[in-house]
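Novice:
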Amino acid sequence: MKQFLFLAFSLSISICLALPLKAQNNLRVDNDSIKKEIIGLIPESLDSDIDSLLRSWHVQYFTKKEDFCHDDTENVFFPDSVYADRLARLPRVIPMPYNNVVRDCIDLYTERRRGLVRYMLGMADFYFPIIEKVLDKYQLPLELKYLAVVESALNPVAISKVGACGLWQFMLPTGKMYDMTINSLVDDRLDPVKATDAACRYFIDMYAIYKDWNLVMASYNCGPGNVNKAIKRSGGKTNFWEIFPYLPKETRSYVPLFIAANYVMNYYCDHNLCPVSTNLPMATDTLHIHKMLHLRQVADVLNVDIAQLRALNPQYRRDIVPGNSTEASVLKLPAAETFSFVDKEKEIYAYKTQELLPEYMMTLSGGASLSAATRETITHVVLRNENIYTIANRYGVTPSDIKKWNKLPSYRLQRGKRLKLFVDNGGVMHAANKSKSGQASTSSSAKGKQANGFISHKVRHGESLYSIASKYPGVTAQDIKKANKLSDTKIMPGQVIRIPVG
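Written as structure tokens, this is what we have:
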């Protein structure tokens with residue numbers, strides 16, 4: 122995996138830059154010692170215990186056999202011209218020359234690691250669409266998705282001997298450099314979306330320096346410092362195959378393995394290989410969680426296998442979704458279970474809280490309960506004659522908390538300012554009872570007065586029944602749905618709905 126980026130590396134790179142040379146499709150690496158090193162050097166991802174992988178929870182629970190696919194223990198070998206032609210036909214931006222080193226790497230996949238290829242093909246059905254979406258957002262070549270094959274063999278919980286984690290095998294320092302949260306509860310390196318996003322930003326940073334995708338990939342493996350040394354030792358050449366002998370041993374096989382991965386993931390049928398088919402849910406939805414939550418609470422109340430929740434939310438190391446006071450945490454669920462979560466939200470949060478989250482159920486000094494499991498997130502719009510001190514008193518929090526939560530430069534507030542507040546359930550109810558004319562102070566879009574036990578709420582862009590319900594204490598999405606006689610949870614911006622209160 123790539124090394125930690127030092128501040129000085131950009132200075133050393135700038136003197137080495139030159140226009141990339143054209144790829145050589147018939148290049149041969151004739152040095153037998155170099156060839157032997159490549160053949161004998163198998164990355165950790167390819168040295169995985171396939172039997173162990175196929176027994177792991179994220180495969181065992183989700184796999185089935187494909188009856189129509191022909192699979193065989195014997196590989197099919199083709200002449201060099203066929204391999205070269207097939208690579209040339211792949212739609213790609215990154216050059217993929219064919220040579221004897223690439224051929225050896227193709228043979229490694231199709232001959233010596235056939236079981237691992239079957240596993241990777243199956244997992245690709247779930248992870249490639251996720252990776253492609255992020256690559257497309259950054260307008261990067263989609264074939265970069267095959268780099269995750271080389272890095273982790275698409276094992277989402279892969280951890281290397283040196284501590285690199287996830288699909289993209291980030292080391293801890295580099296992960297933090299690219300804004301990933303890594304602590305006792307959360308490791309974003311195991312989150313396919315966030316890790317892919319970080320990898321894409323790394324690719325962009327390195328391409329701005331090297332202007333060559335093969336060198337970008339080499340730097341991802343061994344760090345830009347080692348690539349710069351290889352460029353210098355080669356006399357200033359900036360083509361991967363020309364600096365090949367000067368790169369670290371593992372990096373010499375890295376780009377050839379990437380090319381071979383592109384080949385085998387597209388032409389596996391020609392080598393009598395069939396994917397392990399997965400039942401991972403293709404349609405998922407994401408909820409924003411503002412309270413401490415245990416995956417076991419969700420699994421037991423919704424009757425969902427906890428292994429499935431772990432597969433969709435691998436970043437939570439201890440099955441705990443923090444829902445802390447600075448930003449919402451995300452919970453990914455199968456789409457069919459999202460509405461069930463909304464309907465049973467109260468029951469989920471109340472289920473075995475003392476048993477599953479005992480260390481978080483404490484009241485800290487100062488009089489205000491800071492228990493994450495009972496905290497509500499609300500929005501307050503500053504009214505005329507209100508200040509930060511009167512608002513803090515209303516909700517049972519401190520002015521400094523409000524300043525910190527909203528990143529305010531001072532304690533002064535302007536009328537109409539939207540404030541995010543984190544208060545316990547008692548504080549929410551207390552504030553609601555004190556609000557004048559029964560108006561819901563927890564929502565900026567609740568303009569109507571309370572009448573017959575209801576408050577009018579005008580739907581804004583981006584709002585859902587779930588997000589609206591979270592702004593009103595004691596109200597669930599199901600309550601709103603029932604009060605408005607809605608057949609489903611779809612609402613439109615500008616629509617006025619009734620919120621049951623009291």
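Counting along the sequence shown from 1, when you hit position 8 you're at 129 in my numbering, and nothing is skipped either side. For each residue, glycine too, the CB sits at the ideal point set by N, CA and C.
Below 7 Å CB to CB, which residues in the same chain sit around PHE199 once its five sequence neighbours on both sides are set aside?
Specialist: For this step, residue 199 is matched to residue 78 along the sequence shown. None.
Novice: Can you check which of these residues, LYS332, GLU476 and TYR204, is closest to PRO218 by C-alpha distance?
Specialist: Here residue 218 refers to the residue found at position 97 when the sequence shown is read from its first residue. The shortest Cα separation from PRO218 among LYS332, GLU476 and TYR204 belongs to TYR204.
Novice: Opposite LYS453 in the DSSP bridges: which residues?
Specialist: Taking the sequence shown and counting its residues from 1, one reaches residue 453 at position 332. Answer is THR407, bridged to LYS453.
Novice: Relative to the C-alpha of ARG235, which candidate in GLU195, PRO621 and TYR367 has its C-alpha closest?
Specialist: As a position in the sequence shown, residue 235 is number 114, starting the count at 1. Here the closest residue by C-alpha is GLU195.
Novice: Based on Cα-Cα distance, which residue from LYS358, TYR389 and ASN347 lies nearest to LYS370?
Specialist: The residue given as residue 370 occupies position 249 in the sequence shown. The shortest C-alpha separation from LYS370 is found at ASN347.
Novice: With DSSP collapsed to three states, give me the class of PRO103.
Specialist: This structure leaves residue 103 out entirely; the chain is present only between 122 and 623.
Novice: Quick one: Cα of TYR532 to Cα of PRO455, how far?
Specialist: Indexing the sequence shown from 1 puts residue 532 at position 411. Indexing the sequence shown from 1 puts residue 455 at position 334. Answer to the nearest angstrom: the Cα atoms are 43 Å apart.
Novice: Indicate whether the contact test is met: 3 or more Cβ pairs, each with one atom in the segment 458-478 and one in the segment 594-610, closer than 8 Å.
Specialist: With a cut-off of 8 Å, the segment 594-610 and the segment 458-478 count as touching, because enough Cβ pairs lie within range.
Novice: Among ALA279, ILE620 and ASP192, which residue has its Cα nearest to the Cα of ASN393?
Specialist: Looking up residue 393 in the sequence shown gives position 272. It is ASP192.
Novice: Are TYR299 and LEU275 close, meaning C-beta to C-beta below 8 Å?
Specialist: As a first step, residue 299 is located in the sequence shown; it is residue number 178 there, counting from the start. As a first step, residue 275 is located in the sequence shown; it is residue number 154 there, counting from the start. No; because the gap between Cβ atoms is not below 8 Å, this pair is not in contact.
Novice: Heavy atom of the ligand MN less than 7 Å from the Cβ of GLU468, yes or no?
Specialist: Among the components modelled here there is no ligand, and therefore nothing to report on the ligand MN.
Novice: Please list, in chain order, all residues of the same chain as TYR510 whose beta carbon is under 7 Å from its beta carbon, the five residues on each side excluded.
Specialist: As a first step, residue 510 is located in the sequence shown; it is residue number 389 there, counting from the start. Hits under 7 Å: PRO520.
Novice: Starting from the C-beta of VAL617, find all residues in its chain whose C-beta is less than 6 Å away, skip the five residues before and the five after it, and write them out in chain order.
Specialist: Position 496 of the sequence shown, counted from the start, is the residue given in the question as residue 617. Excluding sequence neighbours, VAL617 sits near SER577 and LYS579.
Novice: With distances taken from CA atoms, which of LYS611, ASP522 and CYS390 is nearest VAL238?
Specialist: Sequence index remark: in the sequence shown, residue 238 carries index 117 (1-based). Of LYS611, ASP522 and CYS390, the residue nearest in Cα terms is CYS390.
Novice: If LEU452 sits next to LEU423, beta carbons under 8 Å apart, how far is it from one beta carbon to the other, in whole angstroms?
Specialist: Translated into positions along the sequence shown, residue 452 becomes position 331. Translated into positions along the sequence shown, residue 423 becomes position 302. Going by Cβ atoms, the distance from LEU452 to LEU423 rounds to 11 Å, so no, they are not a contact pair.
Novice: In chain order, what residues of the same chain lie with their CB nearer than 8 Å to the CB of ARG354, ignoring the 5 residues before and after it?
Specialist: The sequence position of residue 354 within the sequence shown is 233, counting from 1. Only ILE364 and TYR367 meet the Cβ criterion.
Novice: Please say whether THR500 and LEU529 have beta carbons closer to each other than 8 Å?
Specialist: Within the sequence shown, residue 529 is the residue found at index 408, counting from 1. Within the sequence shown, residue 500 is the residue found at index 379, counting from 1. Going by C-beta atoms, LEU529 is not nearer than 8 Å to THR500.
Novice: Using DSSP bridges, identify the partner residues of ASP308.
Specialist: If you number the sequence shown from 1, residue 308 lands on position 187. ASP308 is bridged to ILE303.
Novice: Is ALA420 closer than 8 Å to LEU430 when the C-beta atoms are compared?
Specialist: Translated into the one-based positions of the sequence shown, residue 430 becomes position 309. Translated into the one-based positions of the sequence shown, residue 420 becomes position 299. Yes; because the gap between Cβ atoms is below 8 Å, this pair is in contact.
Novice: Using the Cα positions of LYS358 and TYR331, report the straight-line distance between them to the nearest angstrom.
Specialist: Translated into positions along the sequence shown, residue 358 becomes position 237. Translated into positions along the sequence shown, residue 331 becomes position 210. Roughly 11 Å separates the two Cα atoms.
Novice: Closest to LEU263 by C-alpha separation, out of LEU378, LYS254 and VAL270, would be which residue?
Specialist: The residue labelled residue 263 in the question sits at position 142 within the sequence shown. When each option's Cα is compared against that of LEU263, the closest is LYS254.
Novice: Scan the segment 216-252 and note each continuous alpha helix (DSSP H) run of 4 residues or more that stays entirely inside, going in chain order.
Specialist: Those alpha helix (DSSP H) runs which fall completely within the segment 216-252 and span 4+ residues are 221-228.
Novice: Contact between the segment 332-343 and the segment 374-383 is defined here as three or more beta-carbon pairs at a separation below 8 Å; is this criterion met?
Specialist: Because the criterion of three Cβ pairs below 8 Å is met, the segment 332-343 and the segment 374-383 touch.
Novice: By DSSP, does ARG533 sit in helix, in strand, or in coil?
Specialist: Walking along the sequence shown from the start, residue 533 turns up at place 412. Reduced to three states, the DSSP call for ARG533 is coil.
Novice: Mark GLN475 as exposed unless 16 or more other C-beta atoms lie within 10 angstroms of its C-beta, in which case mark it buried.
Specialist: As a working note, residue 475 is residue 354 in the sequence shown. So GLN475 counts as exposed.
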